[in-house]
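Below you'll find the structure, written out as structure tokens, and then a few comments.
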Amino acid sequence: MDTTALPDAVRRVLPLLTSAPPDAPLRDGYLDLLGSGEPQPSGPVQSLWESRAGTAVYEPAQAFARKVVARLRPPAERLLLPGGGTALDVGCGPGTVTAELGRDVGRAGLAIGVDVSRSMLRRAAGAHARPNVGFLRADVTELPFGDATVDAVTCLMVLQLVHDQEAALAECARVVAPGGRIAVLQPGYAGPGAGVVAAAAGLAGLRMPGHEAIAATLRAHGMSVVEAGTTAPVAQVLAEKPVVGRG
Ligand SMILES: C[S@@+](CC[C@H](N)C(=O)[O-])C[C@H]1O[C@@H](n2cnc3c(N)ncnc32)[C@H](O)[C@@H]1O
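Residue numbers are given in UniProt numbering: position 92 of the sequence shown equals residue 92, and the series is strictly consecutive.
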């Protein structure tokens, strides 16, 4: 693969991948590791996030929601992300959070946004690609990275759209390095009528695992849960990969 035409950040991602992608095309500033393989949208909401209109609406809506509801902001300070470290933002959408992670790790670090939606990635790379912020098209249930290659993973408002949620969480746990953290944020509601809310969400193709289920899956994949809880409208889990031989 001729890497000279690749954006700096994408070139810096290549050594983290399990295999060099000889034919992966660069499209609109992101590296497309899914090529023509089209994962089936998991439901109507995911179809929306794969459309230009849905993407255009989502970006300002999430920015506004994050200003109003502090809990929707990623817990950057809780990620223990070292300056010069590598952060992975799975289901990065328009890349707003990936860009924030890029500022957290600084120029020597690397923030990588991964998504399946071409429309979201076009927007993300167009607005936020930097020498230390790069974007890939890949599926969270089959991440292209080697084991223990990143220092922190954010999975924010993504899991509800994914068919195989256990595979997604297992992949996040596999790629994070010992001592590294995973932050999962989900739409969540645990009050009266929670079953009805979950059933209504299911009709829209949204699967909303509660924080206990997410925490249990992460534990089953070797993570220690630092905190887990639900305060509507979000369920939140923060987990850390133990360092073998410590404590
Ligand atoms: C609601 S948006 C969240 C975007 C961003 N994380 C945020 O918090 O603003 C969900 C994103 O997850 C992406 N997504 C859904 N299924 C995915 C999968 N299997 N692998 C990677 N990304 C996925 C969608 O394309 C969409 O961009």
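Think of the CB as a built atom: it goes at the ideal place given N, C-alpha and C, for glycine as much as any other residue. Quantities reported herein were computed from a predicted structural model and do not represent experimental measurements.
Looking at the secondary structure, which residues open and close the beta strand (DSSP E) in which residue i lies?
i: G43; result: Unbroken run through G43: none, as it is neither H nor E.
i: C155; result: V150 to L156
Report yes if the CB atom of residue i is closer than 8 Å to the CB atom of residue j, and no otherwise.
i: A183; j: R78; result: yes
i: T154; j: P74; result: yes
i: L110; j: R12; result: yes
i: P7; j: G102; result: no
i: D151; j: L81; result: yes
i: D32; j: R122; result: no
i: V90; j: C172; result: yes
i: V162; j: V140; result: yes
i: A168; j: T230; result: no
i: A199; j: A9; result: no
i: L14; j: A20; result: yes
What would DSSP say about residue i, mapped onto helix, strand or coil?
i: G106; result: coil
i: L6; result: coil
i: S224; result: strand
i: T55; result: helix
i: A63; result: helix
i: R137; result: strand
i: P21; result: coil
Kindly identify the DSSP beta-bridge partner or partners of residue i.
i: G29; result: DSSP lists no partner for G29.
i: E240; result: R181 and S224
i: Q160; result: Looking at the DSSP assignment, Q160 forms no beta bridge with any residue, so it has no partner.
Could you please give the first and the last residue of the uninterrupted alpha helix (DSSP H) stretch that includes residue i?
i: V90; result: Per DSSP, V90 belongs to no alpha helix (DSSP H); it is in the beta strand (DSSP E), T86 to V90.
i: Q165; result: Q165 to V175
i: L203; result: A194 to L203
Near ligand 1, which residues have their beta-carbon closer than 5 Å to a heavy atom? Those residues are W49, Q62, G91, G93, D115, V116, S117, M120, D139, V140, L156, M157, V158, L161 and V162, given in chain order.
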